[in-house]
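Participant:
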Amino acid sequence: MTPLEHMQRAARVKVMIFDVDGVLTDGSLTYGPDGEVTKTFNVLDGLGIQLLGKTGVQTAIISARLSPIVVKRAADLGIQHVYQGIHDKRIGFAKLLEATGVTAEECGYIGDDVIDLPLLTKVGFAVAVPSGHPEVQHRAHYVTNNPGGRGAVREVCDLVMRAQGTYEQALAPYFA
2 MTPLEHMQRA
12 ARVKVMIFDV
22 DGVLTDGSLT
32 YGPDGEVTKT
42 FNVLDGLGIQ
52 LLGKTGVQTA
62 IISARLSPIV
72 VKRAADLGIQ
82 HVYQGIHDKR
92 IGFAKLLEAT
102 GVTAEECGYI
112 GDDVIDLPLL
122 TKVGFAVAVP
132 SGHPEVQHRA
142 HYVTNNPGGR
152 GAVREVCDLV
162 MRAQGTYEQA
172 LAPYFA
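Written out as structure tokens, the structure is:
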């Protein structure tokens with residue numbers, strides 16, 4: 002797919018959906034002595050999500066794992082829609098479409114593994130990370146340069162804002 006085609010697809014995104022493990026994080030799960038799981042998130046990704054939200058693009062998380070850490074991170078970033086503990090991500094996706102009133106074609110999704118394929122094959126802008134499973138990369142419209150948990154999400158947020166002509170507006174407060 003050409004850069005122009007990426008931009009055309011990104012320009013139509015009204016809801017950007019993120020997987021968590023391997024996308025918002027590097028995919029590592031750290032278990033503490035009491036069995037609790039910790040995750041590490043990237044601040045660049047976080048600001049990208051916040052900036053994208055301010056431009057009017059809604060944001061969402063659909064994750065197979067259930068984690069209170071994700072709820073906290075989503076709240077911190079203003080992510081409006083969070084669906085967790087759903088192994089068949091199509092169920093969360095259907096709920097999201099109903100809640101937002103958008104079509105699948107108006108959604109973007111970034112994932113990394115085969116569990117993400119049902120959504121990646123339905124959305125208008127399918128994105129994979131470079132460490133993602135080959136089947137996911139093969140079916141994506143765009144593969145990020147940056148890895149999951151290390152700027153991939155920011156790259157996609159910036160790309161969507163540029164495609165929609167809102168990038169400069171989003172950054173304007175930082176140049177005042």
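Under the numbering used here, the residue at position 15 of the sequence shown is numbered 16, and the numbers go up by one with no gaps.
Glycine is no exception: its CB is placed at the ideal position from the N, C-alpha and C atoms.
Compare the beta carbon distance of Thr26 and Gly149 with 8 Å and say whether it is the shorter of the two.
Facilitator: yes
Participant: Going by DSSP in three states, Val72 sits in which element: helix, strand or coil?
Facilitator: helix
Participant: Kindly list the residues whose CB is nearer than 6 Å to the CB of Gln138, restricted to its own chain and excluding five residues on each side of it in sequence; keep chain order.
Facilitator: Ala129, Val144
Participant: Reducing DSSP to helix, strand and coil, say where Ala95 ends up.
Facilitator: Helix.
Participant: Going by alpha carbons, who is nearest to Val115 out of Tyr168, Gly23, Phe176?
Facilitator: Gly23
Participant: Near His134, which residues of its chain fall below 6 Å by C-beta distance, leaving aside the five closest residues on each side in sequence?
Facilitator: Asp114, Val115
Participant: Could you give the distance in angstroms between the alpha-carbon of Tyr175 and the alpha-carbon of Arg155?
Facilitator: 17 Å
Participant: When you compare only the Cα positions, how much space is there between Leu78 and Asp20?
Facilitator: 15 Å
Participant: Among Tyr110, Tyr84, Lys40, which residue has its Cα nearest to the Cα of Ala100?
Facilitator: Tyr84
Participant: Taking one C-beta from the stretch 27-46 and one from the stretch 115-125 each time, how about it: are there three or more such pairs within less than 8 Å?
Facilitator: The stretch 27-46, when compared against the stretch 115-125, does not touch it at the 8 Å Cβ threshold.
Participant: What first and last residue would you give for the alpha helix (DSSP H) that runs through Met162?
Facilitator: 153-164
Participant: Is there contact here, the stretch 61-80 with the stretch 164-172, by at least three beta-carbon pairs under 8 Å?
Facilitator: no
Participant: Tell me the rounded alpha-carbon separation between Thr56 and Glu136.
Facilitator: Distance between the alpha carbons of Thr56 and Glu136 is about 32 Å.
Participant: In whole angstroms, what is the alpha-carbon distance linking Thr39 and Arg74?
Facilitator: 12 Å
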